[in-house]
Amino acid sequence: MAQGIYFDGHTSARHDVGVTLTPSALQIAAQDGRLLAEWPYEEIESLAAPDTVLRLGRVGSAVLARLEIADPAFAAEIGARARNVDWAGRNRRRQQLRVIGWSLAATVSLVAVAWLGVPAIAARLTPHLPAAVERKLGDAVDVQLRRMLDTKTLGDGFDCGVKESERPGRAALDKLIHRLETAAGLPESLRATVVRRAEANAMALPGGHIYVFEGLIDKADKVDEVAGVIAHEIGHVAHRDGTRSVLEAGGLSFLFGMLLGDFVGGGAVVIAAKSVLQSSYTREAEAAADAYGAALMKKAGGDAHALATMLAKIGGATEPGMKILLDHPETQARVRAINAVAANPTGPPLLSASEWAALKRICAR
Amino acid sequence: MTGLDTASSAPGGVRFLGTRGAYWRLLIRGAALLMVTLGIYRFWLITDVRRFLWANSEVAGETLEYTGRPVEILIGFLVAVAILAPVYAGFFIAALDLGTLGQMSGAIAFLGLAVLGQYAIYRARRYRLTRTIFRGLRFHQGGSAWGYALRAVLWWALTGLTLGLAYPFQLASLERYKMRHTYYGDLQGRFEASGFRLLLRGLPMWLMLLAPLALAVVAFAEAVDWKALGEAIAAGTDSLGSRIEGGNPQLPDVIVFAMLMGGTSASLAALLYPAFQAVILRWWLSGLRFGDIALASNLHMRNVYGAYVRFLWYGLLLSIALGLLSIPALMLIGTIGSKMPDSIVAEAVGSGVALVGYVVMALGFSTVYRATVLLSLWQLGMESLHLSGLSALERVQASGTPSSAVGEGLADALHVGGY
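For the protein sequence lines, the chains are P and G, in the order given.
In terms of my numbering, the first sequence opens at residue 1 and continues consecutively.
In terms of my numbering, the second sequence opens at residue 1001 and continues consecutively.
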């Protein structure tokens, strides 16, 4: 027999009650001895309460009757009799361990999906994407990318080869692209441009956009070196690597953004996770583009060794954070692989000496 | 049956029983688990936090009880993801369209998500209320979540247009809607604080923030030769900046002045933020009513500042600890980088350390903020209360049923969740 406080779940009135434990049930009686309720032990559960109070209710009952016991010894006795009463906190700790276990399993599976699943889905999806959709995707990415890259000129002459003095350079570039494009025999036309960025770099977007940075033209000592890098980028276009990476980025940002939630500012984690994961995706794609580029240079009659020379030249020299061409710094292995398939030039030079000189001045203004 | 006067030992009828130490332990363990579970543990943590806060809040001698379960929030969240996934996919596809639809898609998405966010806030409030039990009876909430969302978005637009002057009236109107539809058992709530009084209390702060900005705008209007500026822009885009400068010799000075004024306004905003919070919390608490039960708060502004001082102090300690921890991490990166230059391993380790460092820092500060400012606001708010008309508590009848947790899940997925 102990004292307790009882709420019957129908009104908010508070009843001071006496509680007795029979072999099968807990009996709640009013001060005058009248029996208010009888709860079988298997139907009792403990509920959230301050540390010093045991609060009891009935499992799954729509009526929220509550009994509160403040006597710790009596509370422990109820805990010993009723399975769902967790006075010692043992059930709670076990449940917590289970939650932690399952959360860890979910984390592992999430990382696995991000690492393997998303790239696999993107790779399967990419070949089925119609060219028109890919072109639109490329145009949308193009707008974003220009905004990100064009930090100095702010739209004012970001593209080289537009001004009167730069026109011959543009003509030389067009000729070079045409020669490579013919040799490649792509189903869609390329849209190549040289832009004012000081890094020695180049990149390909979905839908045949190719950006060559001014810094790359400056670093090149002969036309085949520029051509080799462009051929490598054409490899990305032919393999639709840009489209695949856009699909991957979309899938990853959805996966992490939605699931990670807002306990931490999720945005920065999303971006960081994306960059970490993506730099590992592109290694095979880069090797494939190298192979394609070397083969294309051979087909076009150029010197495929020049791609390797250029790679070695710009290997350590790109700015940190700008590694689109060299996403994967194992340059020496790549150089060896390219040289293994490269042959000496066969046809006429890709550009004449004067055309090459004009291309070097494409960003002259 | 005993009278209520003997039941409570607190003068105002309200006490907070929890200790800071217990709350710190709960939050630190939760933060560690959040980290290793990529945030999945948040459903369990938020439930533990609410159980702690509710169970330690004593009103008229009886503590509140939170009956929400983590698994039901998790399911609600999954339902919300199922609803939102096609919506997000639609926005993604629309954004690819370069026509008017694509141009508009950003604005449409913003508006759509704003309405949905307010909808989620109202439904999440319903979830929390129906999981709150007091003296064996449930709180609950009626009303239309869409109706609330529409009101809230219109009010936000008005507040934006009036540079914040409409904000007190927005708070009062939305709170009236919420409280009018809030019940404890069969006892209907209402909200009686006046937006105009809040405006009067907040007006000095508003003026202090806006005055420097207004000065900057006036300075611009005075200094800029609009005719010369127009000509400079009309003349073309080449070296636009230098021509604008040529036509407006005072412009650099004015820009410096405007930046100073902007900085003044921003620092004032940071300094006044605790006062702003204290004013609103006190005003809000004093406006709450349930039938004959009336709440009054005498919250002191200095206590709220005290909470922020504690936050800054613990934040400083955390920064020092993180700074010391980052030394071995940087040394590790340096060693790997020098041994294997140009290697993907060095790059991956570097990115990994940066990522972990960021997560630890963000979680650390969020934990410190919860354990200092948020807990203090809850505790100070509770302890500042004085309740009258408590005899009504003897006669309340049960009413209301538990609501689904989709609102809570949606609020989590849309990042508008709260206590």
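Just so you know, even glycine gets a beta-carbon here, dropped at the ideal spot from N, CA and C.
- Put simply, the CB of THR346 of chain P is far from chain G, with every gap to its CB atoms at 8 Å or more.
- Listed in chain order, the non-local C-beta contacts of ALA1149 of chain G below 6 Å within the same chain comprise VAL1115, GLN1118 and TYR1119, local neighbours out to five positions each way being set aside.
- Here LEU64 of chain P really is in contact with LEU1137 of chain G; their C-beta atoms are around 7 Å apart, less than 8 Å.
- DSSP, reduced to helix, strand and coil, places VAL1396 of chain G outside both helices and strands of the structure shown, so it counts as coil.
- The beta carbon of GLU38 of chain P lies closer than 7 Å to those of ALA25 and GLN27 in the same chain, with the five residues before and after it left out.
- Under the Cβ criterion of 8 Å, GLU1394 of chain G is counted among the residues facing chain P.
- Residue contact check for VAL1036 of chain G against chain P: a CB pair falls below 8 Å.
- Exposure of HIS128 of chain P is indicated by the presence of fewer than 16 other C-beta atoms within 10 angstroms of its C-beta.
- Taking C-beta separations shorter than 8 Å and ignoring five residues to either side along the sequence, the partners of GLY79 of chain P in its chain run SER46, LEU54, VAL85, ASP86, TRP87 and ALA88, following chain order.
- Taking a Cβ-Cβ threshold of 8 Å, the residues of chain G close to PHE254 of chain P are ALA1085 and TYR1088, in chain order.
- In the three-state scheme derived from DSSP, where H, G and I count as helix and E and B as strand, PRO40 of chain P is classed as strand.
- LEU47, ALA48, ALA49, PRO50, ASP51, THR52, VAL53 and ARG55: these are the residues of the stretch 34-55 of chain P whose beta carbon lies less than 9 Å from some beta carbon of chain G, given in chain order.
- Ranked by how close their Cα comes to the Cα of VAL1071 of chain G, the residues P:ARG98, P:ALA238, P:ARG66 and P:LEU125 have P:ARG98 in first place.
- Nearest in C-alpha terms to GLU134 of chain P, of all of P:ARG124, P:LEU186, P:LEU116 and P:LEU205, is P:LEU205.
- Taking 8 Å as the threshold, the shortest C-beta distance from TYR1308 of chain G to chain P does not fall below it.
- Of the candidates G:LEU1129, G:VAL1218 and G:TYR1041, G:VAL1218 places its Cα closest to the Cα of LEU1251 of chain G.
- Using a CB distance cut-off of 8 Å, TRP1054 of chain G counts as an interface residue toward chain P.
- Uninterrupted beta strand (DSSP E) stretches at least 3 residues long and entirely within the stretch 38-72 of chain P occur at 44-47, 54-58 and 66-69, given in chain order.
- Of the candidates P:GLU188, P:ASP174, P:ILE121 and P:GLN332, the residue whose Cα lies closest to the Cα of VAL246 of chain P is P:ILE121.
- A straight line joining the alpha-carbon of VAL1081 of chain G with that of GLY1407 of chain G spans about 12 Å.
- Per DSSP, reduced to three states, the secondary structure at ALA295 of chain P is helical.
- Taking a C-beta cut-off of 9 Å against chain P, the contacting residues of the stretch 1129-1154 of chain G are ILE1133, PHE1134, ARG1135, GLY1136, LEU1137 and ARG1138, listed in chain order.
- Between the stretch 1299-1315 of chain G and the stretch 1369-1382 of chain G, the count of Cβ pairs shorter than 8 Å is three or higher; the stretches touch.
- The criterion of a C-beta distance shorter than 8 Å is satisfied by GLN1170 of chain G and THR1159 of chain G.
- In chain order, ALA1080 and ALA1120 place their CB closer than 6 Å to the CB of LEU1410 of chain G, counting only its own chain and leaving out the 5 sequence neighbours on each side.
- In the three-state scheme derived from DSSP, where H, G and I count as helix and E and B as strand, MET1261 of chain G is classed as helix.
- GLY1185 of chain G reaches chain P at THR11 and SER12, counting residues in chain order whose Cβ is nearer than 9 Å.
- Between the stretch 1288-1295 of chain G and the stretch 1185-1193 of chain G there are three or more inter-stretch CB-CB distances shorter than 8 Å, so the stretches are counted as touching.
- When Cβ-Cβ separations below 8 Å define contact, ILE1040 of chain G makes contact with chain P.
- About 13 Å separates the beta carbon of ALA227 of chain P from that of LEU190 of chain P, a gap too long to meet the 8 Å contact definition.
- C-alpha of ALA1294 of chain G to C-alpha of SER1194 of chain G: approximately 15 Å in a straight line.
- Judged by pairs of C-beta atoms under 8 Å, the stretch 216-234 of chain P touches the stretch 286-302 of chain P, as three or more such pairs exist.
- A Cβ-Cβ separation of about 6 Å places LEU36 of chain P in contact with VAL17 of chain P under the 8 Å criterion.
- With respect to the 8 Å criterion, PRO1328 of chain G and THR1264 of chain G are not classified as neighbours on the basis of their beta carbons.
- Scanning the stretch 1051-1099 of chain G from its first residue to its last, the whole beta strand (DSSP E) runs of 3-plus residues come out as 1057-1059.
- Here PHE7 of chain P carries a strand assignment [DSSP, helix/strand/coil].
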